[in-house]
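This is the structure:
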């Protein structure tokens, strides 16, 4: 697929999500390696570009963090199938 077309489609997807969820929590679910993290980082970058928005004001939680094991929040490969 043409890179320009791919970029346009990706931007339309991100813009559509941002419009529907303005001021709401963004949770992305889907298959492995489908671009969920990339989409979230893109959204994070877009929000950081907003005037007055600092990175410290945006939460980011990795549920694969080993420090969460035993808390009921972590996602180990054996328990998340």
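Residue numbers (this note's numbering): -16 to 64. From the three backbone atoms N, C-alpha and C, an ideal C-beta is built for every residue, glycine too.
With a beta-carbon spacing of about 5 Å, residue 19 and residue 11 fall inside the 8 Å limit used to define contacts.
Per DSSP, the continuous alpha helix (DSSP H) segment holding residue 28 begins and ends at 19 to 31. The three-state secondary structure of residue 49, taken from DSSP, is helix. Its chain contains no residue whose beta carbon lies nearer than 8 Å to that of residue 35 once the 5 sequence neighbours on both sides are disregarded.
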